[in-house]
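**Student:**
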Amino acid sequence: MKKLSPRLKNIPRRATMNALLLVFILIYPLTTGLYQIDTMAKVIPLMIFALSADLLWGYTGIMSLGQAVPFGIGAYIAAISNNVSAGIPSYMRTYGITEVPAVFRPLTNPYLGTAFAILIPCLLSFMIGRLLLTGKVRGVFVSLITMALSNVLMLAVNNAQRFTGGSNGVNNVSRPSLFGHILSITENYYFVALIAALLFAVCAALTSTKFGKVLGAIRVNENRVAFIGYNVTSYKVFVYVFSSALAAIAGILYARTCGMVSPSLTGLRLSILVIIWIAVGGRGNLTGALFGCLLLNGMERIMAGIIGDAWEFVIGIILLLIVFCVPDGLIGTLLTARPGLKKKEAANG
Amino acid sequence: MAILPIQLMNGLFAASVLLLVSIGMVVIFGNMNVVNLAHGEFIMAGAYTAWGLCELGLPFSLSVIGAFALTAILGALCERLVIKRFYARLEETLLATYAISVIMTQIARLLFSSMKKLVPLPVSGGLSIGSLVFPAYNFVVIAVAVFVVLFVCVLFYKTGLGKKIRAIRQNRQMAQCLGINTAVTDTISFGLGCGLAGLAGAIIAPLKIVYPAMGSAYLMDSFSTVVVGGVDSFVGTAMASGLISESTSVLGGFMSEIYAQIIVLIGIILVLRFRPNGLFSKEKR
Amino acid sequence: MADTILELMDVTVDFKGFLAVDAVSLSVGRGEVRTIIGPNGAGKSTLIDLITGKTRLKFGKIVFDGADITLRPPHEIAHAYGIGRKFQGPNTFFDMSVFDNLLLALRGSTGVGKSIFYRRTDDARGKIDDILRIIGLEDKKDTLVSALSYGEKQWVEIGMVLAQDAKLVILDEPTTGMTADETYKTGEMIRAMRKDRTIIVSEHDMDFVRQVAETVTVMNQGKILAEGTFEEIRQNPEVIRVYLKE
Amino acid sequence: MKSIFKRVAAAVLIGAMLPGVSACGESDAGSADEIKIGLIYAHSGSAEMIESLSEKAALLAINEINDAGGINGKQLTAVSEDWESDEAKATEKAKKLYLQDGVNIILGTCLGTGTQAVRSVAEENGKLFIAPTAGSGEDESPNMIFTGGTTYTFTKELIPFMAEKFGNRVFCVGSDYYYPVRIEAQTKALIDQIGGELVGSAFLPMEATDCSAVITKIMQAKPDFVYANVVGSTTATFYQQMKEYGLDIPIASVITSEMDAITLGGEYISGSYSAFNWFASSENPLSVSFLENFEKAYGRDDMLKVNATITASYSSIYLIAEALKSANSQSTDDLKAALATAEVDTPQGMFSVDAENAYYAKNYAMIIEWNDQARPVTVFASENQLPAEPWPVLLFPNGKP
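Residue numbers (the numbering used here), protein chains in the order written: chain A, 1 to 349; chain B, 1 to 285; chain C, 1 to 246; chain D, 1 to 401.
1) Per DSSP, which one or two residues make a beta bridge with E197(D)?
2) E91(B) CB to nearest chain A CB: under 8 angstroms?
3) Is the shortest distance between the beta-carbon of I228(A) and the beta-carbons of chain C less than 8 angstroms?
4) Cβ of A236(D) less than 8 angstroms from any chain B Cβ?
5) Measure the alpha-carbon distance for S125(A) versus F227(A) and round it to whole angstroms.
6) Just the chain A side, please: which residues come within less than 8 angstroms of I116(C) by C-beta, in chain order?
7) For the beta strand (DSSP E) that contains I276(D), what are its first and last residues?
8) Return the first residue and the last residue of the beta strand (DSSP E) that S253(D) is part of.
9) I'd like to know whether the C-beta of G308(A) is nearer than 8 angstroms to at least one C-beta of chain D.
10) Tell me the DSSP secondary structure of G72(A) in three-state form.
11) To the nearest angstrom, how far is it from the Cα of L71(C) to the Cα of Q235(C)?
12) Using the beta-carbon count (16 or more within 10 Å), is V103(A) buried or exposed?
13) Just reading off the beta strand (DSSP E) that N220(C) is part of, what are its end residues?
14) So A279(A) contacts chain B; which residues on that side make the cut at Cβ distance below 8 angstroms?
15) Taking the alpha helix (DSSP H) that M154(A) falls in, what are its first and last residues?
16) Could you tell me whether the region 184–197 of chain B touches the region 14–26 of chain B, where touching means 3 or more Cβ pairs closer than 8 angstroms?
17) Please classify D309(A): is it buried, with 16 or more other beta-carbons within 10 angstroms of its beta-carbon, or exposed?
18) Just the Cα atoms here: how many angstroms apart are A99(B) and A175(B)?
19) Does the beta carbon of G216(A) come closer than 8 angstroms to any beta carbon on chain C?
20) Would you call the region 284–293 of chain D and the region 149–169 of chain D in contact, with 3 or more CB pairs under 8 angstroms?
21) Output, in chain order, the set of chain C residues within a Cβ distance shorter than 7 angstroms of S234(A).
22) With burial defined as no fewer than 16 other Cβ atoms inside 10 Å of the residue's Cβ, what is the status of K243(D): buried or exposed?
23) Using Cβ-Cβ distances below 9 angstroms, what residues of the region 189–212 of chain D are close to chain A?
24) Kindly say whether A29(D), judged by its beta-carbon, lies nearer than 8 angstroms to any beta-carbon of chain A.
25) Per DSSP, what kind of secondary structure is W391(D) in: helix, strand or coil?
26) Given a limit of 9 angstroms on CB to CB distance, which residues of the region 97–131 of chain A reach chain B?
27) Using the Cα positions of I302(A) and A255(A), report the straight-line distance between them to the nearest angstrom.
28) CB-CB under 6 angstroms to L253(A), same chain, minus the five flanking residues each way: which ones, in chain order?
29) Just to make sure I have the definition right: I need the residues of chain C whose C-beta is within less than 7 angstroms of the C-beta of R14(A). Which are they?
30) In whole angstroms, what is the alpha-carbon distance linking D28(D) and K36(D)?
31) Rounded C-beta distance between L162(C) and M193(C)? I'm assuming under 8 angstroms.
32) Counting only Cβ pairs nearer than 7 angstroms, list the residues of chain A close to P74(C).
33) Count the other CB atoms, across all protein chains shown, that sit within 10 Å of the CB of R283(A); report buried if there are 16 or more and exposed otherwise.
34) Within the same chain, show all residues whose beta-carbon is closer than 7 angstroms to that of A23(D), passing over the 5 residues directly before and after it, in chain order.
35) Please confirm if the region 86–102 of chain D is in contact with the region 256–265 of chain A, defined as three or more CB-CB distances below 8 angstroms between the two stretches.
36) Going by DSSP in three states, I97(A) sits in which element: helix, strand or coil?
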């Protein structure tokens with residue numbers, strides 16, 4: 001027992017938490033009505049989104065304030081693809097567009113549409129990553145540049161009304177269809193949950209490899225990693241692109257569940273929110289990101305029912321409490337015994 | 001009518017506004033290395049304070065000074081209660097200041113029931129230069145901006161307080177060893193930064209509607225300006241606000257405002273990428 | 001000592017007019033333990049930064065094991081050419097276990113793809129166990145580095161350099177902050193690891209230098225002042241002048 | 001000790017937050033003696049100011065109807081939801097009302113983005129949605145009715161009026177969002193028709209804080225009047241800067257309303273024109289009594305902000321009530337049929353759905369000039385109800401595309 005590291009000892013505890021969460025998600029639809037199921041089906045993609053940001057921020061220490069960029073682009077491409085595969089959307093018709101514009105033509109195929117919705121954000125992130133994550137730009141500047149990028153995207157999406165529906169966004173997006181059958185609310189819930197579970201498994205596997213350790217090492221001491229022979233930039237770019245892919249998938253599922261997309265999905269607010277979810281849950285252990293997202297989204301809805309629009313005030317207070325009292329986040333604190341505790345245990349044992 | 005002189009004049013006015021809203025951030029971000037996401041909310045607080053003081057019957061100039069003082073006190077309070085625990089911890093500061101910004105916005109909504117109120121223009125009417133007419137208040141804003149930069153420069157480079165703040169920036173431990181009370185100096189400089197934001201809020205209040213969420217529009221702008229200017233340099237920030245505003249204004253004269261904004265933003269991103277020390281900073285390590 | 005492994009030719013580093021390293025030429029033979037000493041600010045650390053690619057030189061050329069490594073990026077110098085470096089002061093991954101720190105430093109599998117599909121082999125485990133034995137931390141291999149003492153952290157770093165399986169190991173003031181006892185133990189470690197490696201040590205502690213040194217290079221104000229055995233250097237009047245002046 | 005404390009704190013906080021996750025899911029279809037109407041209005045965000053008052057107006061109407069005996073003996077019950085000016089929230093709230101609360105008809109959202117979001121939920125669930133704003137064609141749906149009619153109806157009256165009065169060189173300014181972009185296209189066609197000239201047009205980013213560049217363009221173009229459809233806080237900045245730059249060019253708008261005018265003050269808005277289906281200067285007795293009742297219920301400050309959209313929320317409740325009365329059923333088809341024929345007298349005049357374009361209510365048009373008290377003065381009011389024109393022939397000669 002004495003030789004086990006605190007980390008290793010906590011793996012069962014984390015597994016328990018994940019299992020609890022899984023059970024909760026599986027039985028939730030049995031306990032409640034369609035509206036709640038649909039709302040939860042909207043929160044689950046946000047949990048995937050939280051995973052993507054946790055890989056980037058929690059594991060690698062890159063604090064992007066533009067994580068909504070791949071999320072939003074994925075959501076938009078999926079929504080437009082869904083619209084144009086059914087005909088010409090009404091907002092295009094007002095511009096006298098009578099056939100699908102050439103740039104959108106590949107999107108009329110739903111499978112290609114989904115592929116593009118994942119690939120284009122990845123490609124963009126690859127380019128941004130190559131430009132940004134080279135070691136020349138560090139810390140807060142990465143945050144500021146990504147923040148500016150999400151501003152640019154939001155302005156552009158809002159302005160390109162002819163193609164994106166402008167401020168009204170893209171509406172009438174149907175739920176995902178499998179084998180020609182459009183999923184019902186409950187089916188969609190389980191579909192989204194299944195994808196989330198798979199992606200969680202992928203992330204968990206990825207972070208438990210040596211690769212995951214390198215990411216942690218980069219967060220702690222980027223310089224040292226380079227001097228033991230790792231190309232830090234390519235690691236960072238890989239994580240950035242991978243997390244963008246996750247964010248894009250989250251965006252696609254969100255758009256299809258929600259039934260619409262709007263420019264605010266690309267904006268700064270969502271990027272900040274996801275950071276907050278992770279901070280509340282705890283960084284760098286995936287489970288914390290999931291719980292943080294679930295807790296805050298659930299709380300927001302309950303409190304909006306009780307105290308109306310003042311709930312944001314309460315969120316502010318909670319955030320302050322977290323930063324003050326449990327800086328490792330709720331789940332993070334439950335999971336990790338700090339070295340101080342370890343020493344005490346050693347002394348006792 | 002020649003369009004360029006008008007655009008340049010408008011750009012100068014916009015630059016003054018930008019400079020005013022950014023200069024507090026030079027103190028807080030540049031000199032204390034704190035990323036203050038509540039910066040916009042201090043601007044909002046300043047605007048509301050100025051409005052309140054005007055309603056009480058104070059002349060506008062005194063209201064502006066009052067707004068500076070009150071937001072400075074508010075900022076110092078925030079520093080004492082929250083910020084001081086998180087120095088040199090970027091992520092915690094981001095979260096804590098975001099929490100502060102949310103709380104401030106909500107308090108403003110409760111206090112002012114979200115109604116938009118307008119501070120009357122202290123001087124109205126146009127002043128003409130040659131054949132061109134510009135709002136008289138624009139010149140007031142420009143003058144205040146110049147004054148504020150001079151004031152802050154003198155404060156930072158000619159007074160003991162300024163020397164202390166700069167000493168702490170360069171080497172906190174050494175400054176402590178030299179007997180500088182770093183805690184008090186931190187509180188004062190954070191208060192100063194917030195007070196400058198409040199002052200900016202008071203000055204722009206007559207130009208627009210005052211409402212609880214008004215601050216968020218200025219956050220990105222002031223970050224960009226400060227970073228392009230070289231983070232801790234007042235003169236650099238002044239030049240950066242000039243550059244950004246003039247290019248937005250001049251570009252906006254020839255194309256859509258939206259495209260002008262997008263182009264300038266992309267320009268800022270490139271500057272951040274290739275000159276992270278800013279366009280105008282000389283000292284590089 | 002005819003076989004040269006590292007050759008610096010006329011290298012110069014210019015920090016905005018200040019020549020931290022001024023036209024230094026240096027050659028280190030294969031299997032040698034070279035000690036670099038000199039007062040603070042003499043340019044020792046900068047010289048090491050140069051070799052490992054952290055600092056870019058202005059003029060000159062660096063040849064390592066027959067290959068020109070001038071201006072190569074740090075990760076390439078570390079991985080492809082095999083130069084390991086221990087920083088001044090502990091520079092580890094503090095929230096990982098000692099074992100993980102060594103595992104990360106282990107040579108090979110540094111690419112993104114390779115690291116994802118990396119499986120720990122018995123070979124690797126054996127190698128890490130060997131290193132743990134050398135640095136004397138066998139029973140602390142699962143402890144977080146942040147919970148170790150200062151000296152132990154330094155040893156973890158030395159272990160990481162060993163794990164890199166480097167042809168050339170550069171140690172930047174490895175004994176800073178150590179007790180006399182720990183310093184001695186470190187010296188023994190260095191002697192133990194030199195058998196198939198070339199080692200460059202920059203150091204202040206003269207007892208330590210005496211313990212490990214074969215050839216000593218003395219630097220002052222960015223230039224090489226003298227070079228020779230420890231005894232030669234000790235009697236060199238120039239060196240005495242520089243050190244006494246301090 | 002400290003870390004144990006932290007873990008306890010974390011556990012307590014999670015415990016405190018958990019009830020939030022398992023949101024209680026009571027779903028009741030409503031008792032026999034009440035009829036539910038869903039209201040979706042924003043209590044925060046960019047639509048807050050107008051929508052919180054719109055909700056008050058709707059509630060006022062519901063109370064009046066209930067006090068007068070309800071509908072066929074049943075009381076109207078409002079189920080209010082806040083969409084926080086966030087489109088994704090709007091879809092969620094609409095789903096809640098339709099799926100959980102058993103509501104068949106929703107009234108609300110004055111912003112185009114919210115309207116679109118609720119509309120698609122209504123279509124998906126086969127329910128009804130009434131938007132108290134004006135539409136412009138592309139967003140029509142068999143599940144929804146715009147009780148504000150169509151924007152073109154008012155633009156069509158306003159542009160010739162202004163052209164005749166001031167001249168036919170027009171400059172078009174708008175915020176960069178859906179509505180103003182549509183209006184600009186309509187304006188261009190109208191000006192061409194009367195032989196005028198669109199001397200320039202410009203769009204401002206949402207929440208823009210400085211309009212001087214646009215004003216420079218206006219100075220250059222020297223139009224006879226400016227057609228400005230700016231929203232949010234930019235409205236005040238625009239009107240104020242126009243005056244401060246010494247531009248003595250009249251401004252016309254179909255967006256600027258009593259609410260903006262009061263916020264801005266008479267100093268800057270006097271002499272400008274606005275058009276819509278109703279203004280507080282209406283002499284309709286029902287309109288006068290509506291404003292009196294509104295003032296009694298919510299105070300003078302709020303009453304002075306009442307504009308056409310807020311009034312439309314009030315009138316829409318009466319239209320819905322009339323349909324509920326004649327259908328005597330809550331099924332979507334019955335209600336839709338009843339809505340199509342319902343006719344009711346409201347502050348905005350006789351209110352009915354356009355038979356040809358059944359997605360819009362027929363409207364009157366009013367043009368007003370703002371006085372120095374920032375209050376409207378009627379300069380034109382249409383005698384009869386005007387048909388909805390979602391696809392103006394001028395722009396779409398072949399009809400609906």
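The beta carbon of each residue, even a glycine, is placed where N, CA and C say it ideally should be.
**Tutor:** Looking at the atomic coordinates:
1) R169(D)
2) yes
3) yes
4) With a threshold of 8 angstroms between beta carbons, A236(D) makes contact with chain B.
5) Within the model, the alpha-carbon separation for S125(A) versus F227(A) is close to 26 angstroms.
6) L206, T209, K210, F211
7) One detail in the question is off: residue 276(D) reads as Phe in this sequence, not Ile. Start and end: 273–276.
8) 251–253
9) yes
10) helix
11) 37 angstroms
12) exposed
13) 215–220 is the extent of the beta strand (DSSP E) around N220(C).
14) E91, L95
15) 140–159
16) yes
17) buried
18) One Cα belongs to A99(B), the other to A175(B), and the distance between them is close to 31 angstroms.
19) yes
20) no
21) The answer, in chain order, is V112.
22) buried
23) F203, P205, M206
24) Below a pLDDT of 50, predicted positions are generally treated as unreliable, and A29(D), at 49, falls in that range; the measurement from the model is reported next regardless. So no, A29(D) is outside the interface.
25) Here W391(D) sits in coil by DSSP.
26) L131
27) 23 angstroms
28) P45, V192
29) By Cβ distance, chain C contributes nothing, its closest Cβ being about 16 angstroms from R14(A), past 7 angstroms.
30) Residue confidence for D28(D) is low, a pLDDT of 49 falling below 50, so the modelled location carries little weight; the figure read from the coordinates is stated next. Each residue's alpha carbon lies about 11 angstroms from the other.
31) 6 angstroms
32) A226, F227
33) By the 10 Å Cβ count, R283(A) comes out buried.
34) Because the pLDDT at A23(D) is just 45, under 50, the model does not fix this residue reliably, and the value given afterwards should be weighed accordingly. Nothing meets the Cβ criterion.
35) Contact holds: three or more Cβ-Cβ distances are below 8 angstroms.
36) coil
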